[in-house]
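Colleague:
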Amino acid sequence: MTQAIVTLTTCPNRNVADAIAEALVERHHAACVNIIPGLTSVYRWDGAIQKDEEWLLVAKTTEPAYPGLEACVLDLHPDELPEIVALPATGGLSGYLRWVAQETESAQ
């Protein structure tokens, strides 16, 4: 079976989160994207500590579909350097993982 992965991406607001999530699913770069509000990120940027309210996207995809996912996020995200972190799904319900693979197959 194709290796499933989960990606994490933060967005500055709900509109950006919705647009990216919908594009990822519409273009088959992800089978499902969860939008989680109420996230606070603390990080260093340009030598200063930043603190921002953000929205978190949790996308379920596959390794072959990941390059398209990354390109889509880079195209639609307003940040100079958006967070895109990919984690391998080392297990999961086999039927769900098959569905993720099927949903992302046409993007590969």
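If you want the working numbering, it's the 1-based position in the sequence shown plus 145. Idealized CB from N, CA, C, for every residue including glycine.
Sort out for me which residues DSSP pairs THR233 with in a bridge.
Modeller: Going by the sequence as given, residue 233 is Pro instead of Thr. Looking at the DSSP assignment, PRO233 forms a beta bridge with ILE150.
Colleague: Below 7 Å CB to CB, which residues in the same chain sit around GLU199 once its five sequence neighbours on both sides are set aside?
Modeller: Within the same chain, GLU199 has close Cβ partners THR155, CYS156, PRO157, LEU184 and SER186.
Colleague: Beta carbon of ASP163, beta carbon of ILE181: below 8 Å?
Modeller: no
Colleague: Counting only runs that start and end within the segment 156-220, where is the beta strand (DSSP E) found for 3 or more residues in a row?
Modeller: 177-190 and 193-207
Colleague: Under 8 Å between the Cβ atoms of LEU202 and VAL178?
Modeller: yes
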